[in-house]
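Protein chains: 2
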Amino acid sequence: MTGQVRTVDGRVAGRRGQATRQKLLDCLSEMLSSSPYRDVKVIDVARKAGTSPATFYQYFPDVEGAVLEIAEHMAAEGAELAELLEGRSWAGRSGWQTAQDLVDGFLDFWRRHDAILRVVDLGAAEGDKRFNKIRIKILNAVTGSLTEAISQLQAKGRVDKDVNPAAIAGALVTMLTSVASHQKAFTAWGVKKDQLKPNIALLVHLGVTGRKPTK
Amino acid sequence: MTGQVRTVDGRVAGRRGQATRQKLLDCLSEMLSSSPYRDVKVIDVARKAGTSPATFYQYFPDVEGAVLEIAEHMAAEGAELAELLEGRSWAGRSGWQTAQDLVDGFLDFWRRHDAILRVVDLGAAEGDKRFNKIRIKILNAVTGSLTEAISQLQAKGRVDKDVNPAAIAGALVTMLTSVASHQKAFTAWGVKKDQLKPNIALLVHLGVTGRKPTK
DNA sequence: CACTTGTCCTGTCATGCCGTCAGCTTACCG
DNA sequence: CGGTAAGCTGACGGCATGACAGGACAAGTG
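Protein sequence lines, in the order shown, are assigned to chains A and B. Quick note: the first sequence uses my numbering, first residue 1, plus one each step. Quick note: the second sequence uses my numbering, first residue 1, plus one each step.
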């Protein structure tokens with residue numbers, strides 16, 4: 001898939017080199033979790049990895065380049081999000097379960113990768129095409145699946161014709177990302193932690209089917 | 001309200017000082033629009049404002065401090081968002097209009113302030129309390145108003161009892177913010193520009209009233 | 001074993017930004 | 001006109017950046 005791992009100056013990286021490279025990526029991930037993106041410095045990452053800044057620049061053009069690498073890897077993992085909707089039904093009681101499982105799985109995925117996803121979101125919002133591509137890649141499986149579900153309901157006449165399935169699906173998915181990133185805001189609005197998920201699931205169900213779930 | 005404007009070392013700023021300070025803020029705003037947050041440097045802002053870095057540090061502890069200032073100012077402007085829902089009804093045909101106007105006004109506000117709102121969102125997501133506070137302040141008017149509307153419908157028995165109005169309202173508002181920041185993603189999903197707003201409005205209406213709008 | 005080859009890492013250096021200070025200039029006031 | 005406080009900047013030590021050359025190391029070769 002990725003072919004060979006190469007250094008900035010074109011050499012192919014061997015076993016040891018790849019280990020160092022990976023260690024740098026891991027340490028960068030940690031730093032992203034513990035300090036603001038703006039303050040993450042190459043020298044800190046290198047120190048944490050027990051190596052020198054020069055080594056970092058052997059493998060990555062800059063911090064952003066390394067972040068893209070991490071994001072790319074996570075995007076591949078994002079395939080698991082697709083499974084949340086694989087062969088699921090939106091009808092009746094099982095539809096409610098589908099919505100709940102989707103919200104559950106999505107929030108969990110976001111929580112596990114929150115640091116890097118923050119940066120991807122920022123990059124995408126700033127108009128960086130590479131980050132946008134990664135963000136879309138992660139969300140595509142879910143969005144596509146939701147779009148499909150809405151389209152089918154629409155074909156059966158159970159959803160209005162002037163609804164744009166992709167727009168609704170995209171909005172629901174983007175809502176999930178935003179809710180995941182800003183859970184703290186909800187506590188400020190007096191929403192308890194265990195009340196959040198079912199209500200989000202309700203919105204998802206409403207959006208997809210246009211109806212309240214049968215619980 | 002804000003008392004006197006002071007420099008970092010405690011002096012009170014006079015007319016000229018305040019002008020310089022404001023110029024620095026304006027230039028910083030521009031820089032945020034044109035380059036990634038991570039790459040905004042004090043020296044660039046100072047150069048753009050026709051002054052020196054040292055002057056910048058007279059008025060702000062660092063870039064983040066100045067950004068907070070801009071954000072605070074924008075949050076005050078955010079009062080206009082409250083007017084979008086002031087005395088509006090969610091019943092029948094006027095409910096559909098309310099939803100549309102809300103989406104319209106919200107996306108417009110976000111578009112006008114997108115650069116600074118990106119940074120506020122990032123800061124809030126990173127757990128910075130000051131940014132979180134500002135973000136909540138901006139969204140509070142709308143969220144509160146929506147919560148109120150849902151609560152009233154709930155009291156009339158038109159919305160299920162196990163719905164948490166604040167959770168739904170918060171999720172809808174956070175959806176609006178995210179849609180506003182990532183409109184580009186929707187074009188990647190094949191959603192045309194003029195199709196986005198009505199579909200978002202539909203979701204808002206569904207979320208608030210639990211029913212499809214009468215158009 | 002010495003030698004070669006290619007990978008891997010680091011010391012070092014020029015450059016440029018950061019953040020602070022002392023000190024100069026400007027404006028205001030009695 | 002002299003005093004005072006505001007306003008600004010040059011200059012400096014410190015650190016991050018990014019490039020390079022060369023040393024350390026592992027593995028294969030004769």
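A virtual CB, placed ideally from N, CA and C, is assigned to each residue, including glycine.
- Query: How would you label Q183/A, buried or exposed, when you count the other beta carbons within 10 angstroms and need 16 or more for buried?
  - Reply: One-based indexing of the first sequence puts residue 183/A at position 183. Label assigned to Q183/A: buried.
- Are three or more beta carbon pairs between the stretch 64 to 72 of chain B and the stretch 22 to 29 of chain B nearer than 8 Å? Taking 8 Å as the limit for Cβ pairs, the verdict is that the stretch 22 to 29 of chain B does touch the stretch 64 to 72 of chain B.
- Item | Per-residue DSSP class, three states only, for V112/A | Numbered from its first residue, the first sequence carries residue 112/A at position 112. Correcting the residue identity first, residue 112/A is Arg in this sequence and not Val. Annotated three-state conformation of R112/A is helix, per DSSP.
- Query: Terminal residues of the continuous alpha helix (DSSP H) containing T7/B?
  - Reply: As a first step, residue 7/B must be located in the second sequence, where it is residue number 7. From DSSP, T7/B is part of no alpha helix (DSSP H); its letter is neither H nor E.
- Going by beta carbon distance, what residues of the same chain come within less than 7 Å of L117/A, once the five residues before and after it are set aside? Taking the first sequence and counting its residues from 1, one reaches residue 117/A at position 117. Within the same chain, L117/A has close Cβ partners W110.
- Could you tell me how far apart the beta carbons of T51/B and T20/B are, in whole angstroms, since I believe they sit closer than 8 Å? The residue you call residue 51/B lines up with position 51 of the second sequence. The residue you call residue 20/B lines up with position 20 of the second sequence. So it is a contact: roughly 6 Å between Cβ atoms.
- Item | Straight-line Cα distance separating A166/A from F131/B | For the purposes of this step, residue 131/B is taken as the residue at position 131 of the second sequence. For the purposes of this step, residue 166/A is taken as the residue at position 166 of the first sequence. When only Cα atoms are considered, F131/B and A166/A end up about 32 Å apart.
- What is the DSSP secondary structure of F106/B, counted as helix, strand or coil? The residue you call residue 106/B lines up with position 106 of the second sequence. If DSSP states are grouped into helix, strand and coil, F106/B belongs with the helices.
- Item | Separation of W189/A from A281/B, as counted between CA atoms | Nothing about residue 281/B can be read from this structure; chain B reaches only from 1 to 215.
- For the stretch 171 to 181 of chain B against the stretch 130 to 146 of chain B, are there 3 or more C-beta pairs whose distance is under 8 Å? Counting Cβ pairs under 8 Å, three or more are found: they touch.
- Message: Rounded to the nearest angstrom, what separates V12/B and G78/B at their Cα positions?
- Response: In the second sequence, counting from the first residue as 1, residue 12/B sits at position 12. In the second sequence, counting from the first residue as 1, residue 78/B sits at position 78. The straight-line gap separating the alpha-carbon atoms of V12/B and G78/B is approximately 28 Å.
- Message: Are the CB atoms of V208/B and W96/B within a distance shorter than 8 Å?
- Response: Numbered from 1 along the second sequence, position 96 holds the residue referred to as residue 96/B. Numbered from 1 along the second sequence, position 208 holds the residue referred to as residue 208/B. No Cβ-Cβ contact shorter than 8 Å links W96/B with V208/B.
- Item | Any chain A beta carbon closer than 8 Å to V208/B | The count along the second sequence starts at 1 and reaches residue 208/B at position 208. It does not: the Cβ of V208/B has no partner Cβ on chain A nearer than 8 Å.
- With a CB to CB cut of under 7 Å and the five nearest residues on each side skipped, what residues in its chain are close to L102/B? Mapped onto the second sequence, residue 102/B falls at position 102. The residues are L84, L85, V204.
- Identify whether F60/B lies in helix, strand or coil by the three-state DSSP scheme. Here residue 60/B is taken as the residue at index 60 of the second sequence, counted from 1. Coil at F60/B, not helix or strand.
- Item | Coarse secondary structure for V204/A, derived from DSSP in three states | Translated into positions along the first sequence, residue 204/A becomes position 204. In this structure, DSSP gives V204/A a helical state, which the three-state scheme calls helix.
- Message: When you compare the CB of A185/B with every CB in chain A, is at least one pair closer than 8 Å?
- Response: Within the second sequence, residue 185/B is the residue found at index 185, counting from 1. Closer than 8 Å to some Cβ of chain A, the Cβ of A185/B qualifies, so yes.
- With burial defined as no fewer than 16 other Cβ atoms inside 10 Å of the residue's Cβ, what is the status of I43/A: buried or exposed? Stepping through the first sequence from its first residue, residue 43/A is reached at position 43. Exposure of I43/A is indicated by the presence of fewer than 16 other C-beta atoms within 10 angstroms of its C-beta.
- For the stretch 30 to 46 of chain A, enumerate the residues whose C-beta is nearer than 7 Å to any C-beta of chain B, in chain order. Cβ contacts with chain B: P36, Y37, R38.
- Message: So A125/B contacts chain A; which residues on that side make the cut at Cβ distance below 7 Å?
- Response: Here residue 125/B corresponds to residue number 125 of the second sequence, with the count starting at 1. What A125/B touches in chain A: R118, S181, H182.
- Under 7 Å from the C-beta of I136/B: neighbouring residues of chain A: Along the second sequence, one-based indexing puts residue 136/B at 136. Near I136/B (Cβ distances below 7 Å), the residues of chain A are A185, A188.
- Query: Residue range of the alpha helix (DSSP H) that A19/A falls in?
  - Reply: Sequence index remark: in the first sequence, residue 19/A carries index 19 (1-based). It spans 15 to 34 - the alpha helix (DSSP H) in which A19/A sits, taken as one unbroken run.
- A82/A versus K192/B - alpha carbon distance: Walking along the first sequence from the start, residue 82/A turns up at place 82. Walking along the second sequence from the start, residue 192/B turns up at place 192. When rounded, the distance between both Cα atoms is 25 Å.
- Query: Quick one: does L202/B have its CB under 8 Å from some CB of chain A?
  - Reply: Numbered from its first residue, the second sequence carries residue 202/B at position 202. Interface criterion met: the Cβ of L202/B is under 8 Å from a Cβ in chain A.
- Query: If you measure beta-carbon to beta-carbon, which residues of the stretch 161 to 180 of chain A are closer than 7 Å to chain B?
  - Reply: Listed in sequence order: V163, N164, A166, A167, I168, G170, A171, T174, M175, T177, S178, V179.
- Task: Note the first and the last residue of the continuous alpha helix (DSSP H) segment covering R47/B.
- Result: Position 47 of the second sequence, counted from the first residue, corresponds to residue 47/B. 42 to 48 is the extent of the alpha helix (DSSP H) around R47/B.
- Item | Neighbourhood of L25/A by C-beta, 7 Å cutoff - its chain only, sequence neighbours within 5 removed | Along the first sequence, read from residue 1 onward, the residue named residue 25/A stands at position 25. Only residues of its own chain outside the window of five on either side were considered, and among them A66, E69, I70 have a CB closer than 7 Å to the CB of L25/A, listed in chain order.
- Hey, V119/A and R135/A are a contact pair by Cβ (cut 8 Å); roughly how many whole angstroms apart? Taking the first sequence and counting its residues from 1, the one referred to as residue 119/A is at position 119. Taking the first sequence and counting its residues from 1, the one referred to as residue 135/A is at position 135. Taking C-beta atoms under 8 Å as the contact rule, V119/A and R135/A fail to qualify, at a distance of about 11 Å.
- Query: Can you list the residues of chain B that K212/A reaches, using a CB-CB cut of under 8 Å?
  - Reply: If you number the first sequence from 1, residue 212/A lands on position 212. Result: D160, G210.
- Query: What's the gap between the Cα of D162/B and the Cα of L202/A?
  - Reply: Taking the first residue of the second sequence as position 1, residue 162/B is located at position 162. Taking the first residue of the first sequence as position 1, residue 202/A is located at position 202. Between D162/B and L202/A, the C-alpha separation is close to 10 Å.
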